[in-house]
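Contents: one structure, followed by commentary.
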Amino acid sequence: DSLEYVQHEFGNFVVQEIINLYDFEMCQGIYDQMVGHFQRLSLNKFSSKLIETCIDRAPLELQDKIVKEFCSSPCLHKVVQGNFGNFVLQKSIEHYLKSRHNKLELIASIIKCLDEVSDYKVQEKWGD
Numbered sequence: 003d004s005l006e007y008v009q010h011e012f013g014n015f016v017v018q019e020i021i022n023l024y025d026f027e028m029c030q031g032i033y034d035q036m037v038g039h040f041q042r043l044s045l046n047k048f049s050s051k052l053i054e055t056c057i058d059r060a061p062l063e064l065q066d067k068i069v070k071e072f073c074s075s076p077c078l079h080k081v082v083q084g085n086f087g088n089f090v091l092q093k094s095i096e097h098y099l100k101s102r103h104n105k106l107e108l109i110a111s112i113i114k115c116l117d118e119v120s121d122y123k124v125q126e127k128w129g130d
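All residue numbers in the sequence shown are consecutive under the numbering used here, ending with 130.
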């Protein structure tokens, strides 16, 4: 069960290595298990780095799903506010997302949810 491993202190490294070594088709089962859980996994210390790897290695179609999952979440503010989730979103926008549309959609969704973010420094950082 990949979802269990990606949240484990050491198991996440094994799954990351598999994703880095094999092409998307070989890892399709791993990605399929994570769809619908990207937001939650972004909040976890151990799986957040794996989510960055997934976004980096994913084809455009999967990146679309990931971005839509973040953007449609009523709890996006928790990801923005969380130490690990915040980093996943920043890195995705800066380095990983291949589509300009995905980047702009994610940024717009983040800006919309800033009213729900209680940390002023986080609001200020994303509001700039």
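Just so you know, even glycine gets a beta-carbon here, dropped at the ideal spot from N, CA and C.
Model, not experiment: these values are computed from the prediction.
Backbone secondary structure at residue i - three-state DSSP
i, result
"Glu11", "coil"
"Lys100", "coil"
"Asn88", "helix"
"Asn46", "coil"
"Val16", "helix"
"Asp143", "The structure shown does not extend to residue 143, since the chain spans only 3 to 130, so no value can be given for it."
"Asp58", "helix"
"Asp117", "helix"
Cβ-Cβ separation, residue j to residue i (assumed contact under 8 Å), whole Å
i, j, result
"Gln41", "Glu71", "6 Å"
"Ala60", "Ile68", "7 Å"
"Asn22", "Asp66", "Not really, about 22 Å apart at Cβ, beyond 8 Å."
"Cys115", "Val82", "6 Å"
"Ser120", "Gly87", "With a Cβ gap of about 14 Å, Ser120 and Gly87 do not count as contacting."
"Phe135", "Gln9", "No answer is possible for residue 135: it lies beyond the span of the chain, which begins at 3 and ends at 130."
"Leu78", "Ile112", "7 Å"
Rounded straight-line distance, which links the Cα of residue j to that of residue i
i, j, result
"Ile32", "Ser4", "6 Å"
"Phe15", "Lys51", "9 Å"
"Gly84", "Leu62", "26 Å"
"Glu107", "Cys73", "7 Å"
"Val90", "Asp34", "19 Å"
"Lys100", "Tyr7", "27 Å"
"His97", "Ile20", "21 Å"
"Gly13", "Thr55", "14 Å"
"Val37", "Ser75", "13 Å"
Residue interval of the alpha helix (DSSP H) (run including residue i)
i, result
"Val81", "Leu78 to Gln83"
"Gly129", "Tyr122 to Gly129"
"Ile95", "Premise fails: Ile95 is in no alpha helix (DSSP H) and is neither H nor E."
"Tyr33", "Gln30 to Met36"
"Glu2", "Given a span of 3 to 130 for the chain in the structure shown, any question on residue 2 remains unanswerable."
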